[in-house]
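Report on the following structure.
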Amino acid sequence: MIFQEQPKPFVSALGLDVGRKRIGVAGCDRTGLIATGITTVERTSFERDVEQIRQIVNERQVQVLAIGLPYSMDGSLGFQARQVQKFATRLAKALKLPVEYVDERLTSFQAEQLLIAENLSPSRNKGLIDRKAASLILQQWLDARRANLQKPAVATEY
Numbered sequence: 001m002i003f004q005e006q007p008k009p010f011v012s013a014l015g016l017d018v019g020r021k022r023i024g025v026a027g028c029d030r031t032g033l034i035a036t037g038i039t040t041v042e043r044t045s046f047e048r049d050v051e052q053i054r055q056i057v058n059e060r061q062v063q064v065l066a067i068g069l070p071y072s073m074d075g076s077l078g079f080q081a082r083q084v085q086k087f088a089t090r091l092a093k094a095l096k097l098p099v100e101y102v103d104e105r106l107t108s109f110q111a112e113q114l115l116i117a118e119n120l121s122p123s124r125n126k127g128l129i130d131r132k133a134a135s136l137i138l139q140q141w142l143d144a145r146r147a148n149l150q151k152p153a154v155a156t157e158y
């Protein structure tokens with residue numbers, strides 16, 4: 001009996017932490033193992049925001065957008081979550097890419113805690129918090145994707 005491992009396809013995904021003033025952007029290595037912050041887009045207009053994200057999408061040959069959805073603590077979708085969904089729908093259409101939502105509750109808080117651990121001031125590093133939050137969102141998506149890909153090995157008898 002020989003066990004064959006399922007192939008793990010390469011992925012290029014972009015993680016987005018969409019806020020009213022800024023969008024944190026994170027990317028991953030081609031293996032889909034590690035997410036890292038790339039940049040922070042200062043929001044001006046939808047067209048300009050899309051153009052900045054489009055440049056990153058083209059450079060990195062992005063196949064999917066993992067966008068943080070800010071659920072309320074009780075699990076409901078509040079005003080901000082609906083705003084993010086509207087933006088994500090328009091962005092996906094403009095970039096012709098699929099969107100997958102990630103529960104982003106507490107990612108900004110976790111990102112702030114990471115800054116504090118690095119002796120950096122959260123109030124002076126808002127853009128860095130957004131990038132770190134985006135990388136936490138993308139890492140969560142990558143981990144879930146990897147868990148789904150790791151199905152039991154297929155046994156083949158000869």
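Just so you know, we're using the UniProt record's numbering here: the sequence shown kicks off at 1 and counts up by one.
Built from N, CA and C at the ideal position, the CB exists for glycine as well.
By DSSP, does D143 sit in helix, in strand, or in coil?
helix
Use the C-beta contact count for R145: other C-beta atoms within 10 angstroms, 16 or more gives buried, fewer gives exposed.
buried
May I ask you to report which of helix, strand or coil DSSP gives T107?
helix
Residues bridged to G68 by DSSP?
V102
Helix, strand or coil for V50, going by three-state DSSP, please let me know.
helix
With contact counted as at least three CB pairs below 8 angstroms, one residue from each stretch, are the stretch 11-26 and the stretch 39-53 in contact?
yes
When you compare the CB positions of L114 and V57, do they come within less than 8 angstroms of one another, or not?
no
Cβ neighbours of G32 in the same chain (closer than 6 angstroms, five flanking residues each side left out)
V11 and L142
Return the CA-CA distance between D103 and F109, expressed in angstroms with no decimal places.
14 angstroms
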